[in-house]
Amino acid sequence: MTDTLSRKFQKDLNGGLVALVLLGVLADSTQDLYGYEIAKRLQKANEGEALFKEGTVYPVLRALSAHGLLTSRIVPSYAGPPRRYYRITEEGRAVLADWSEIWRQTRNFVDRFSSGVRS
Amino acid sequence: MNSAPRSIEEYLRQLRAALAGADPALVQDALYDAEEYLRAELAAHPGKSEGDVLELIATTYGAPEEVAAAYRDNEAKVNAALRQPVPRAAQSRGAIRRFFSIYSDARAYTSLFYMLLTLATGIAYFVFVVTGLSLSAGFAVLIIGLPFFIVFIGIARVLALGEGRLLEAISGERMPRRPVHPGPKANFFKRIVEMLSDVRTWTTLAYLVVMLPLGIVYFTIAVAGIALGGGLIAAPFATVAHHLGWMTQQDVSIHPAWLALPVTLPLLVGLGLLVLTALMYLARAIGRFQVGLARTLLVKPGT
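For the record, the sequence lines run as chains A and B.
Per my numbering, the first sequence starts with residue 695, numbered consecutively.
Per my numbering, the second sequence starts with residue 9, numbered consecutively.
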């Protein structure tokens with residue numbers, strides 16, 4: 695029961711956070727990245743245990759791209775279908791700065807109330 | 009609930025099934041994304057069999073149902089955010105303002121541009137299809153007949169994709185962003201039979217052919233409308249300028265003569281505006297019709 699609830703809670707949380715994390719990853723990267731690379735970076739960052747399914751990364755990348763926060767180009771690949779490489783735009787960086795600020799405020803606020811549980 | 013997929017083809021088939029009924033363009037995106045990931049994952053584990061790698065996929069990439077749900081969720085959100093807002097003038101109450109609100113609708117201008125373009129694209133498509141089909145028929149008895157036909161159909165599909173992108177640019181309606189996903193791997197001859205029995209192959213050719221007559225009609229309407237409307241609006245000014253002696257080189261004459269009376273001259277401007285506005289409405293309607301036609305012939309069949 696708690697397990698199902700926890701999973702649902704995690705999924706609800708991920709809604710906007712995946713987009714924030716993806717913008718962050720692409721802003722940190724000096725080169726363009728494709729979906730698989732991004733997914734693997736996230737997995738590695740959390741000691742092999744991703745907080746969300748990597749399949750959910752792709753639709754969010756497309757959504758960010760449709761909003762003009764990312765640009766993309768297609769590069770043919772030897773192993774399978776062509777890959778879509780993503781890069782963050784100036785608008786994307788501005789949005790990332792805004793969202794990071796919102797996230798920091800939210801985190802501080804939430805921490806103030808949920809820290810009591812730790813004991 | 010499907011059994012866990014054991015191969016990439018099976019995974020893609022389950023994903024396609026889970027997305028049944030969704031926008032064909034969205035299904036294409038999802039299949040390409042999944043294939044990119046799955047093939048990369050397979051290449052990253054050279055020691056493991058395809059079945060073993062696919063077993064891990066459910067915990068890393070997600071099961072087909074989960075991935076399908078993620079695409080559906082996102083598409084709904086993006087669509088809501090990107091829908092072109094209805095111009096504010098269209099909501100205002102004044103009948104005259106509402107009538108002229110068409111001038112603030114970007115789609116009317118892009119559609120008008122598209123109408124002017126279709127004569128050129130229509131001729132090119134028509135010549136391409138007629139030449140390709142005739143040469144394919146002629147070459148059919150030769151060894152190069154089959155390869156030629158395959159290349160011809162391949163180019164036709166690229167043209168169809170380009171036409172879709174153009175229509176998305178003018179109308180904002182979602183059209184496919186990549187070629188049709190080829191589906192599971194099959195041998196060469198099976199692919200050819202599939203291509204020939206695919207309804208979409210033939211509807212694509214039909215679309216390209218029908219673009220010639222449509223292009224002629226669209227182009228004629230656009231040019232006639234702009235020339236007539238513009239001429240009517242300009243006529244009174246030209247007449248006045250002529251009377252004032254500013255235009256001595258050209259002779260300005262309006263027939264019948266009563267139209268050139270000072271009372272009727274302003275009416276010509278009104279008529280010209282009416283013609284231009286009607287043209288803008290017609291252009292937007294034609295743009296919508298064209299998107300519908302493209303969806304029916306280029307996107308929907310066979311999916």
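C-beta: ideal position from N, C-alpha, C; glycine also.
Computed from a predicted model, the values in this text were never measured in an experiment.
Under DSSP, R777/A forms a beta bridge with V769/A.
Using beta-carbon distances, V719/A does not count as an interface residue toward chain B, since no partner is under 8 Å. Beta-bridge annotation (DSSP): I294/B is not paired with any residue. The C-beta of E73/B comes no closer than 8 Å to any C-beta of chain A. By a beta-carbon distance limit of 8 Å, L167/B does not contact M288/B. Their separation comes to about 28 Å. Between S11/B and the set P54/B, G55/B, G59/B, the nearest pair of CA atoms involves G59/B.
Under the 8 Å criterion on CB atoms, E44/B is classed as interfacial with respect to chain A.
Legend: CB atoms of the segment 120–146 of chain B lying less than 9 Å from CB atoms of chain A are not found in any residue.
The shortest CA-to-CA distance from L124/B to any of L141/B, V225/B, S142/B is the one to V225/B. Ranked by Cα distance from L764/A, the first of L745/A, A788/A, P775/A is A788/A. By the Cβ rule, the segment 213–228 of chain B does not count as touching the segment 268–279 of chain B, because fewer than three pairs are nearer than 8 Å. Within chain A, the residues placing a beta-carbon under 9 Å from that of G70/B are F746, K747, E748, G749, T750, ordered along the chain. For Y69/B, the secondary structure class from DSSP, reduced to helix, strand or coil, is coil. A residue is called buried once 16 or more other Cβ atoms fall within 10 Å of its Cβ, and N802/A, having fewer, is exposed. Within chain A, no residue has its beta carbon less than 9 Å from that of N195/B; the closest one is some 18 Å off. Look at A757/A: its C-beta is under 8 Å from a C-beta on chain B. Relative to I104/B, the option among L290/B, G278/B, I241/B, L306/B whose CA is nearest is G278/B.
Note that the C-beta distance between L27/B and Y69/B is not below 8 Å. Note on geometry: alpha-carbon atoms of A739/A and V715/A lie some 11 Å from one another. With 16 or more neighbouring CB atoms inside 10 Å of its own CB, Q36/B falls in the buried class. For Y728/A, DSSP records a beta bridge to Y779/A.
Assignment of beta-bridge partners to L764/A by DSSP yields I782/A. With the criterion set as a beta carbon lying under 9 Å from some beta carbon of chain B, the members of the segment 727–742 of chain A are Y728, G729, Y730, E731, A733, K734, Q737, in sequence order. Taking a C-beta cut-off of 9 Å against chain A, the contacting residues of the segment 44–59 of chain B are E44, Y45, L46, R47, A48, E49, L50, A51, A52, listed in chain order. Residues of the same chain with a CB within less than 8 Å of the CB of R735/A, apart from the 5 flanking positions on each side, are V719, L727 in chain order. Under the DSSP assignment, P244/B falls in the alpha helix (DSSP H) whose first and last residues are 207–251. If you draw a straight line from the Cα of D805/A to the Cα of L707/A, it is about 15 Å long. Using beta-carbon distances, R767/A does not count as an interface residue toward chain B, since no partner is under 8 Å. Proximity of D41/B to chain A, defined by a Cβ-Cβ separation below 8 Å, is satisfied. In the DSSP annotation of this structure, the continuous segment of the alpha helix (DSSP H) that includes I178/B starts and ends at 153–179. Counting other Cβ atoms within 10 Å of its Cβ, Q22/B reaches 16 or more and is therefore classed as buried. Around the beta carbon of R701/A, fewer than 16 other beta carbons sit within 10 angstroms, so the residue counts as exposed. Under the 8 Å criterion on CB atoms, V754/A is classed as interfacial with respect to chain B. When the beta-carbon positions are compared, A116/B and R292/B come within less than 8 Å of each other.
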